[in-house]
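Q: Going down the list, the protein sequences come from chains A and B. With the first letter of the first sequence counted as 1, position 103 gets the number 102 in numbering that gives the first Met the number 0; the numbers rise by one all the way through. With the first letter of the second sequence counted as 1, position 19 gets the number 18 in numbering that gives the first Met the number 0; the numbers rise by one all the way through. Quick reminder that beta carbons are idealized off the backbone N, C-alpha and C, glycines included.
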Amino acid sequence: MRQTFLRTALATVALGMAGVLYGFPLYWLFVTSLKSKAELFASSVHLIPHNPTFAAYTSVLIERGFWVLLKNSVIVCFSTVVVTLALGLLITYPITRLPVPPRLRVNILIWALSLRFLPPIAVVIPYFAIVRTLQLYDQPIALIGIYSLFNLPFAIWMLKGFLDEIPIELEDAALVDGASRWIAFRRVLLPLAAPGVMAAGIIVFTFAWSEFLFALILTATPNSQTFPVGVQGLVTQFEIIWNDMAASGVIAMALPLVLMVIGRRYIVAGLTFGVIREK
Amino acid sequence: MQPITRREFVKRTAVAGAMLTSIPAILEACSTGTPTSNKPSKLTIAAVQGAEDGPLKKVAPMYQSQTGITMEIVEFPYDQLFEKLVTTFQANGSSYDLCMMDDPWMPKFGTMGALQPLDSNFGFTRDSDIPSIVYDVGTWPPPRGPVPPSEQGKTQHLYGITIVGNVEMFMYRKDLASSPPGSWDDVLANAQKFNKANFYGYVIRGKATNPASSDSLPILWSFGGDIFDTSWKVVLDSTASIDAITFLTQTLKKYAEPGAENTDAGDRDRLIAIGQAFQSTTWPAEVTGVVEAAGVSQVAGKMAYIPIPKGPSGKGLGMMGNWLLGIPKGSSNGSAAADFIKWLIKTENMKTYVQNGGIPTRTSLLNDSTLGQANPYFPALAQSLAASPNWRPRTDQWNAVETIYGTAVNQAVAGLKTPKDALTAAASQIRAAMKQAGYPS
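1. How about the region 316–333 of chain B and the region 136–147 of chain B: do they share at least three Cβ pairs that are nearer than 8 Å?
2. So, under 8 Å CB-CB, G325 (chain B) and Y77 (chain B) are touching, yes? Tell me the CB distance rounded to an integer number of Å.
3. Going by the DSSP bridge assignment, what does F75 (chain B) pair with across the sheet?
4. When we look at the beta-carbon of K253 (chain B) and count the other beta-carbons within 10 Å, is it buried (16 or more) or exposed?
5. CB-CB under 7 Å to E143 (chain B), same chain, minus the five flanking residues each way: which ones, in chain order?
6. Assuming A219 (chain A) contacts V85 (chain B) under a Cβ cut-off of 8 Å, what Cβ separation, rounded to an integer in Å, is found between them?
7. Which of the three DSSP states is assigned to G223 (chain B) in this structure?
8. By the three-class DSSP mapping on this structure, what secondary structure does I250 (chain A) have?
9. Apart from the five residues on each side of it in sequence, which residues of its chain come closer than 7 Å, Cβ to Cβ, to A54 (chain A)?
10. Does I68 (chain B) get closer than 8 Å to chain A when you measure Cβ to Cβ?
11. Taking Cβ-Cβ distances shorter than 7 Å, what residues in chain A pair up with E285 (chain B)?
12. Over what stretch of residues does the alpha helix (DSSP H) that includes M111 (chain B) continue unbroken?
13. What residues from chain A crowd round I307 (chain B), counting only those whose CB sits closer than 9 Å?
14. What span of residues does the beta strand (DSSP E) with I162 (chain B) cover, start to end?
15. Are the CB atoms of L114 (chain B) and F108 (chain B) nearer to each other than 8 Å?
16. If you run the structure through DSSP and keep just helix, strand and coil, what is D268 (chain B)?
17. Cα separation between A246 (chain A) and L69 (chain A)?
18. For A28 (chain B), which three-state DSSP category applies?
19. Whole angstroms is fine: what's the gap from I429 (chain B)'s alpha carbon to D268 (chain B)'s?
20. With burial defined as no fewer than 16 other Cβ atoms inside 10 Å of the residue's Cβ, what is the status of G87 (chain A): buried or exposed?
21. Reducing DSSP to helix, strand and coil, say where K36 (chain A) ends up.
22. Would you say K159 (chain A) lies against chain B (beta-carbon separation less than 8 Å)?
23. With C-beta atoms as the reference, is D102 (chain B) less than 8 Å away from A336 (chain B)?
24. If the cut is a Cβ gap below 7 Å, which residues of chain A does I273 (chain B) touch?
25. So, is M105 (chain B) buried or exposed, given that buried needs 16 or more other C-beta atoms within 10 angstroms?
26. For chain A, find out if any of its Cβ atoms is closer than 8 Å to the Cβ of K341 (chain B); answer yes or no.
27. Under 7 Å Cβ-Cβ, which residues of chain B neighbour Q231 (chain A)?
28. Check for me: the alpha helix (DSSP H) holding I124 (chain A) runs from which residue to which?
29. Distance, Cα to Cα, V9 (chain B) vs I109 (chain A)?
30. Counting only C-beta atoms, is S296 (chain B) closer than 8 Å to chain A at any point?
31. Classify Y21 (chain A) as buried or exposed, calling it buried when 16 or more other Cβ atoms lie within 10 Å of its own Cβ.
32. Between the C-alpha atoms of I155 (chain A) and L114 (chain A), what's the straight-line distance to the nearest angstrom?
33. Within 8 Å of any Cβ in chain B, is that where the Cβ of V234 (chain A) sits?
34. Check W390 (chain B) in the structure and name its three-state DSSP category.
35. Is it the case that the region 297–307 of chain B contacts the region 236–245 of chain B, given that we only count it when at least three CB pairs across the two stretches are under 8 Å?
36. Counting contacts by CB-CB distance shorter than 8 Å, is Y438 (chain B) in contact with chain A?
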């Protein structure tokens, strides 16, 4: 009894410390975003802002016009998710459901894996040249293209895992009942794979959301610049605008966090899909 | 849903593919293309983010309301702006109608032929209220000093008009010192006198590359040292140069803040603003933004600003850091862009610009006592401009040279190398780089 109590107490303390370790930087980020410039330049450090203000948020979103960059980020990331999942399903469906030669299947999966291993910096210059030739420089579509390409391997491997777990007999039953392959895919397979598709979509979204290298190189104006490009501009030659940077950090975290909270059931279900498999 | 045949599937896929591939063309058509009229609907300015472009952002809407032309200001951090401009110029891109340029970038852009001449194309002439050095810094090839070999014999043109009249100056706590330091010996004496626990006698901006370079060049020059002589021969390892860097990184460093090798302007301003340091070099943009900012700085009104103190050479040489506005060659809105520059530098508009935190170049505004009350550094800036401050070597290789030199100074500040070793190694590297670029080093 006493041992159990001690174990519980130790676990609580350890978890509490881990919580502080992970939570404090986020707390500090949020608190800094609420401080005024005067408070940031105070001689002493305050754990709680003395005069909390949302001025940094107004400064970032309205005065600096970052709401346009935020809008670009949302458009680019959602488009990336749609394109990646569509292509991912187009590739994984045949290799998991149709009588594709095993060698072709393996080659496709290896190709996807090799894309995943490719360091993005290796393709920056050729991709920049292609984008310029196609006159897509400073257009969101240039970002959507490269983000989709780099996230495709992840989507293929994740979706393949999910589709493999769904018994093919369910689709066969639908086909026997007169459904077309498209109907069987849309009405039988897709609803069953929804948690996996959702999980893959959210993870692809977060990858695209935090991408910086291509966004920096392929954009020139707020026509296509994404939020991370704007944030790094807050380190100026003579000043680091800490409160605005913190507010940007909070804003940048907010959307993926909200998506994670909304889709957590799907993500957990998706990531644990097929862990216990009946054979 | 009706089942479809394979033929129908292929057909639909082809149509979808064609639609997808046409998206770029549709987007391009929908975007703001090259205007056919002389008056564009929008002018896009590539600007440096920070105190330098803040006032520009405030006055641009005035121009917009007067002309109906939307002013879009795209901001980048210092290093990135340079890279973005080089990339755009190489592609002869039309993304920007105007660009802000730090004055050491002019040789690179001038050599590249990236800008439209303001004098021959748009009728810009010199204004007697603006010091001639300000026009000289926007002229290429340079009207004085050594000219790069590849640029000799080319016709001079004005390519940039200064809108931020930055010159590096010196600041100190006037509430503590009875008189301004006239020389670097006085600076050292004050540093010794006022240095105590949690209060540093001097702040070194010693972060590698541009910060260390900017902080040390006025001292280098004031000691009679330099990077090049008048025939592009590298003299960074001369006795005068080594003495200057030894003074900064060893003698003065004894009274400087800890971690000076990582200190940039933001850190320096914070130390000054919270009352933990006595003196340092400074740029005008640092003064109004932090050091004299009411409600932010604890030393507002307690600082004095003077031109760079004299060194053993008998001279105190400030360094130019003007920000200019130029018109990229790729812009198809050159006339409208030139009109905006002319509008901005008119006395009455520049006054509004100054009232919004701008750093003027007009002598009449720098000597305006009303404006001077809100900008205590104006007299020092006027003096510095009148004394023809030094500019950084006018070579398109400056970025590479600055990286080598600024790294060497940083190593000396950090104590990783002796000043002599650091400068000797840097001089060899610069010689090699310049030789490769066709200079007679």
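A: Answer, in terms of the structure:
1. yes
2. On the second sequence, residue 325 (chain B) is found 326 positions in, with the first residue counted as 1. On the second sequence, residue 77 (chain B) is found 78 positions in, with the first residue counted as 1. About 17 Å; that fails the 8 Å criterion.
3. Locating residue 75 (chain B) in the second sequence gives position 76, counting from the first residue. The partner list for F75 (chain B) (beta bridge, DSSP) reads B:V47.
4. Counting from 1 along the second sequence, the entry for residue 253 (chain B) is found at position 254. The residue in question, K253 (chain B), is exposed, as its Cβ has fewer than 16 Cβ neighbours within 10 Å.
5. Taking the first residue of the second sequence as 1, we reach residue 143 (chain B) at position 144. The amino acid at residue 143 (chain B) is misidentified as Glu; the sequence shows Arg. Excluding positions up to five away in sequence, the list reads D135.
6. Taking the first sequence and counting its residues from 1, one reaches residue 219 (chain A) at position 220. Taking the second sequence and counting its residues from 1, one reaches residue 85 (chain B) at position 86. About 12 Å; that fails the 8 Å criterion.
7. As a position in the second sequence, residue 223 (chain B) is number 224, starting the count at 1. Coil at G223 (chain B), not helix or strand.
8. By one-based count along the first sequence, residue 250 (chain A) stands at place 251. In the structure shown, I250 (chain A) sits in a helix (DSSP, three-state: H, G or I).
9. Within the first sequence, numbered from 1, the residue matching residue 54 (chain A) stands at position 55. If we look at A54 (chain A) and ignore the five residues flanking it on each side, its Cβ neighbours are S35.
10. The residue labelled residue 68 (chain B) in the question sits at position 69 within the second sequence. It does not: the Cβ of I68 (chain B) has no partner Cβ on chain A nearer than 8 Å.
11. If you number the second sequence from 1, residue 285 (chain B) lands on position 286. By Cβ distance, chain A contributes F237.
12. To locate residue 111 (chain B), count along the second sequence from 1; it is residue 112. Taken as a continuous stretch (DSSP letters only), the alpha helix (DSSP H) holding M111 (chain B) covers 105–111.
13. Taking the second sequence and counting its residues from 1, one reaches residue 307 (chain B) at position 308. The contacting residues do not exist; I307 (chain B) stays about 18 Å from chain A at best.
14. Position 163 of the second sequence holds residue 162 (chain B). Where I162 (chain B) is concerned, the enclosing beta strand (DSSP E) stretches over 160–163.
15. Taking the first residue of the second sequence as position 1, residue 114 (chain B) is located at position 115. Taking the first residue of the second sequence as position 1, residue 108 (chain B) is located at position 109. The answer is yes: Cβ separation under 8 Å.
16. On the second sequence, position 269 is the one that residue 268 (chain B) refers to. Reduced to three states, the DSSP call for D268 (chain B) is helix.
17. Looking up residue 246 (chain A) in the first sequence gives position 247. Looking up residue 69 (chain A) in the first sequence gives position 70. Spanning the two alpha carbons is a distance of roughly 13 Å.
18. Within the second sequence, numbered from 1, the residue matching residue 28 (chain B) stands at position 29. The predicted model places A28 (chain B) with a pLDDT of 39, which falls under 50 and marks its position as unreliable; any figure quoted below should be read in that light. Here A28 (chain B) sits in helix by DSSP.
19. By 1-based counting over the second sequence, the position of residue 429 (chain B) is 430. By 1-based counting over the second sequence, the position of residue 268 (chain B) is 269. If you take the alpha carbons of I429 (chain B) and D268 (chain B), they lie about 31 Å apart.
20. As a first step, residue 87 (chain A) is located in the first sequence; it is residue number 88 there, counting from the start. Per the 10 Å Cβ criterion, buried.
21. Indexing the first sequence from 1 puts residue 36 (chain A) at position 37. Helix.
22. Position 160 of the first sequence holds residue 159 (chain A). Taking Cβ atoms only, chain B never reaches closer than 8 Å to K159 (chain A), which makes this a no.
23. Working through the second sequence from its first residue, we reach residue 102 (chain B) at position 103. Working through the second sequence from its first residue, we reach residue 336 (chain B) at position 337. Going by C-beta atoms, D102 (chain B) is not nearer than 8 Å to A336 (chain B).
24. Along the second sequence, one-based indexing puts residue 273 (chain B) at 274. Under the 7 Å cutoff, chain A gives F40, S42.
25. Looking up residue 105 (chain B) in the second sequence gives position 106. So M105 (chain B) counts as buried.
26. Position 342 of the second sequence, counted from the first residue, corresponds to residue 341 (chain B). No, its Cβ sits nowhere closer than 8 Å to a Cβ of chain A.
27. As a working mapping, residue 231 (chain A) is identified with position 232 in the first sequence. Under the 7 Å cutoff, chain B gives P76.
28. On the first sequence, position 125 is the one that residue 124 (chain A) refers to. Where I124 (chain A) is concerned, the enclosing alpha helix (DSSP H) stretches over 123–132.
29. Start at 1 with the first residue of the second sequence, and residue 9 (chain B) comes out as number 10. Start at 1 with the first residue of the first sequence, and residue 109 (chain A) comes out as number 110. Residue confidence is low: V9 (chain B) scores 48 on pLDDT, short of 50, so the model does not pin down where it sits. Its coordinate-derived value is still stated next. Going by the C-alpha atoms only, they are around 27 Å apart.
30. For this step, residue 296 (chain B) is matched to residue 297 along the second sequence. Closer than 8 Å: yes.
31. On the first sequence, residue 21 (chain A) is found 22 positions in, with the first residue counted as 1. Looking at its Cβ environment, which holds fewer than 16 other Cβ atoms inside 10 Å, Y21 (chain A) is exposed.
32. Here residue 155 (chain A) is taken as the residue at index 156 of the first sequence, counted from 1. Here residue 114 (chain A) is taken as the residue at index 115 of the first sequence, counted from 1. The straight-line gap from Cα to Cα measures roughly 11 Å.
33. Locating residue 234 (chain A) in the first sequence gives position 235, where the first residue counts as 1. Yes, contact with chain B.
34. Reading the second sequence from its first residue, position 391 is the one you call residue 390 (chain B). W390 (chain B) falls in the coil class under three-state DSSP.
35. no
36. In the second sequence, the residue the question calls residue 438 (chain B) occupies position 439. No, no contact with chain A.
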